[in-house]
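In my numbering, the protein residues as written are 1 to 201.
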């Protein structure tokens with residue numbers, strides 16, 4: 001997986017450079033932008049990391065930028081940095097799905113902790129998305145009959161009951177069950193159930 005980067009968007013040069021230094025001091029990659037439109041030109045859904053976003057900017061304010069990121073289905077968590085007068089706006093952003101908000105002036109240790117938490121959150125979310133994609137890819141290989149049998153297996157139904165419900169022999173049920181377990185790369189019924197829960201099959 002590509003290394004996670006913290007993207008700082010703030011029109012205040014001193015605040016921008018200070019935060020860049022802080023995050024780099026923890027050994028984390030950083031990219032800085034002095035306005036939101038520049039960031040929008042470069043951002044894409046595959047970029048891993050987190051965004052630290054100032055609310056008050058001249059070209060496009062933080063809330064509008066956050067809205068545009070959501071519209072593009074950008075996965076990265078967003079930390080809103082706000083002055084006291086903008087707290088209500090930051091709270092709205094949190095309700096809309098922002099990862100966190102920090103009020104200026106902030107404590108460096110707290111900011112660094114929030115950034116690291118956001119990066120970890122993003123990493124875990126991406127791993128889960130990859131896992132879900134892999135499970136669904138396996139499920140797509142199942143025949144219609146194997147999908148029916150899997151439905152019963154997920155309901156902890158015994159083979160003889162499955163055979164009666166589907167009007168087939170127990171031997172045939174066992175064959176379909178073995179095939180679907182192999183295609184799903186599941187060693188046990190419990191593992192299959194866990195996979196189904198993860199991917200919401």
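Built from N, CA and C at the ideal position, the CB exists for glycine as well.
Pairwise C-alpha distance: residue 195 and residue 66:
Between the C-alpha atoms of residue 66 and residue 195 there is a straight-line separation of about 33 Å.
What's the gap between the Cα of residue 104 and the Cα of residue 64?
So the two alpha carbons sit approximately 20 Å from each other.
Ignoring anything shorter than 4 residues or poking outside the region 113-165, list the alpha helix (DSSP H) runs there in chain order.
If we require 4 residues or more, the alpha helix (DSSP H) runs fully inside the region 113-165 come out as 144-154.
Check whether residue 60 and residue 33 have beta carbons under 9 Å apart:
Not in contact: residue 60 and residue 33 (Cβ atoms no closer than 9 Å).
Under the three-state reduction of DSSP, which class applies to residue 53: helix, strand or coil?
In the structure shown, residue 53 falls within a strand segment according to DSSP collapsed to helix, strand and coil.
In this structure, how does DSSP classify residue 82 when only helix, strand and coil are distinguished?
The answer is strand: DSSP assigns residue 82 an E or B state.
How far does the beta strand (DSSP E) with residue 101 in it extend, from its first residue to its last?
Residue 101 -> beta strand (DSSP E) spans 100-103.
Using the Cα positions of residue 141 and residue 18, report the straight-line distance between them to the nearest angstrom.
Straight-line spacing of the CA atoms in residue 141 and residue 18 works out to 52 Å.
Got a sec, what are the start and stop residues for the alpha helix (DSSP H) residue 6 sits in?
Unbroken run through residue 6 is the beta strand (DSSP E), 5-9; no alpha helix (DSSP H).
Beta-carbon proximity check, residue 210 vs residue 89, cutoff 9 Å:
In the structure as shown, the chain begins at 1 and stops at 201. Residue 210 is therefore absent and cannot be evaluated.
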